[in-house]
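In the working numbering, the protein residues as written are 45 to 202.
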């Protein structure tokens with residue numbers, strides 16, 4: 045597989061330059077960072093949440109875990125839960141399971157961006173498969189989230 049069609053189209057529509065970084069097959073964003081020889085805190089990890097109101101995507105560094113209290117505080121939605129993997133295939137039909145690109149806006153999903161990612165010089169993220177990362181300039185990445193809320197959503201791994 046290669047970059048997800050919707051991600052590719054979205055990046056073209058936004059006139060954002062990027063490169064694809066090949067790496068050995070991985071299962072998580074942290075593994076992808078190691079396989080691609082990039083720092084975990086530069087890899088944007090997508091976490092899809094859902095409640096009765098619909099979906100919310102939280103985008104945090106692969107080096108961190110999601111602070112659900114911060115998500116609840118930011119959204120005012122206290123019933124958000126992680127979406128089961130079998131549902132991800134319906135929401136992201138052009139992606140391999142578990143390789144979510146952090147561009148919820150490309151899929152019509154409200155997205156929250158961890159503020160730490162807005163300070164990275166270079167950002168990497170899953171292309172939609174388990175063997176490629178998208179690499180782009182950090183300021184261009186941040187610009188993709190200009191209509192999203194930026195806040196502190198992550199915490200260090202316990």
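Beta carbons are placed, not taken as given, at the ideal position from N, Cα and C, and that holds for glycine. Predicted model only: the values in this text are computed from it and were never measured.
| Query | Result |
| --- | --- |
| Find the nearest neighbour of residue 54 within the set 77, 133, 148, 111, judged by alpha-carbon distance. | 148 |
| Ignore the nearest five residues each way along the sequence and tell me which others in residue 63's own chain have a CB closer than 6 Å to its CB. | 179 |
| When burial is assigned at 16 or more other CB atoms within 10 Å of the CB, is residue 102 buried or exposed? | buried |
| Among 168, 98, 161, whose alpha-carbon lies nearest the alpha-carbon of residue 195? | 161 |
| Taking the C-alpha atoms as reference points, what is the distance between residue 88 and residue 198? | 11 Å |
| My assumption, with CB atoms under 8 Å, is that residue 205 sits in contact with residue 173. Please give the rounded CB distance. | Residue 205 lies beyond the residue range present for the chain, which begins at 45 and ends at 202; the question has no answer from this structure. |
| For residue 164, I'd like the list of residues in its chain whose CB is within less than 7 Å of its CB, leaving aside the five on either flank, ordered along the chain. | 86, 182 |
| For residue 123, which option in 156, 114, 108, 96 has the closest C-alpha, if you only look at C-alpha atoms? | 96 |
| When the Cα atoms are used, what is the spatial distance from residue 145 to residue 66? | 15 Å |
| Would residue 57 be called buried (16 or more neighbouring beta carbons within 10 Å of its own) or exposed? | exposed |
| Going by the beta-carbon positions, is the gap between residue 91 and residue 158 smaller than 8 Å? | no |
| Give the straight-line distance between the Cα atoms of residue 200 and residue 167, rounded to the nearest whole angstrom. | 19 Å |
| Would you say residue 155 and residue 189 are within 8 Å of each other, going by their C-beta atoms? | yes |
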